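Below is one structure, written out as C-alpha cells; comments come after it.
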Amino acid sequence: MVGGYRLHVNGRRQVVDVPGDTPLLWALRDELGLTGPKYGCGVGACGACVSLVDGAAARPCVRTVADSAQARITTIEGIHDHPVQQAWLELDVAQCGYCQPGQIMTAVALLARIPDPTDAQIVEALRDNVCRCGTYPRILAAVRRAAEIARGDR
Numbered sequence: 001m002v003g004g005y006r007l008h009v010n011g012r013r014q015v016v017d018v019p020g021d022t023p024l025l026w027a028l029r030d031e032l033g034l035t036g037p038k039y040g041c042g043v044g045a046c047g048a049c050v051s052l053v054d055g056a057a058a059r060p061c062v063r064t065v066a067d068s069a070q071a072r073i074t075t076i077e078g079i080h081d082h083p084v085q086q087a088w089l090e091l092d093v094a095q096c097g098y099c100q101p102g103q104i105m106t107a108v109a110l111l112a113r114i115p116d117p118t119d120a121q122i123v124e125a126l127r128d129n130v131c132r133c134g135t136y137p138r139i140l141a142a143v144r145r146a147a148e149i150a151r152g153d154r
C-alpha cells in the first residue's frame, strides 16, 4: 500500500508517496533527490548512509519511512559550513569520498553530544563507519580539529 508520508527533512516538511516499509534511504535519495546519504550495504553495517534522526546518528538504510514520519531528519545537504565540514576540507580528509557524508554526519552527532571528545570517544563513535581507502588517521584528526574550530581555536 502506498501512502503519503510527511517527512521533516533538512528543516522542510515534504511528502513522499511510498509504502510505509520503504527504507528511509530510498525516500531520501529517490523521492527527495538527496544523494548525500550513500547506499553501501543496505543492512546498517557500513555507515555510508548515516544521517541525523532527531539529532542522533542513524542509518536510513534500515529505518522505514513510516518509522521516520515524526522525526526530524538531517542529511549532509542540511548542514552548512559546519566545523566538521571545515575541518574535513582543511585537513584534506577525503580520498575517494564515498563514505565521507556518513563519516561527517556521525562526527556532527558526536560533537553535539560531546563537544571535546577524547580520541577513544571519537574512535568508538566512528567504529562502525567503514572507509575502504583507510583515511582513518585523517578522519580522527579532522574530528579533533572540528572540536577546536567549534571552540573558537582557529
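Residue 7 in UniProt numbering sits at position 7 of the sequence shown; the count goes up by one each step and never skips. Idealized CB from N, CA, C, for every residue including glycine. Bear in mind the structure is a predicted one, so any value in this text is a computation, not a measurement.
Fill in: Leu34 at chain B interface by Cβ criterion, 8 angstroms
Although the question refers to chain B, the structure presented lacks it and comprises just one protein chain.
Fill in: Reduced DSSP secondary structure (H/G/I, E/B, other) of Gln14
Strand at Gln14.
Worksheet item: CB-CB under 6 angstroms to Ala66, same chain, minus the five flanking residues each way: which ones, in chain order?
Response: Gly20
Worksheet item: Relative to the C-alpha of Tyr98, which residue among Leu28, Trp26 and Val50 is closest?
Response: Considering only alpha carbons, the answer is Val50.
Item to complete: Go to Ile73, then tell me how far its beta strand (DSSP E) extends in each direction, as first and last residue.
Response: Arg72 to Thr74
Item to complete: Per DSSP, which residues does Ala150 bridge with? Please list them.
Response: Its beta-bridge partners do not exist; DSSP assigns none.
Discussion item. Give me, in chain order, the residues of the same chain whose beta-carbon lies closer than 6 angstroms to that of Ala71; leave out the 5 immediate sequence neighbours on both sides.
Written reply: Val53 and Asp54
Item to complete: Please work out which residues of its chain come closer than 6 angstroms, Cβ to Cβ, to Asp116, disregarding the five sequence neighbours upstream and downstream, and give them in chain order.
Response: Ala147
Item to complete: Express the C-alpha separation of Val43 and Arg63 in angstroms, rounding to a whole number.
Response: 10 angstroms
Discussion item. Give me the residue from Val143, Arg138, Arg132 and Gly152 with the minimum Cα distance to Ala48.
Written reply: Arg132
Worksheet entry | Inter-residue Cα distance where the pair is Arg144 and Gly102 | 17 angstroms
Worksheet item: Can you pull the DSSP bridge partners for Gly134?
Response: Note: Gly134 sits in no beta bridge, so no partner.
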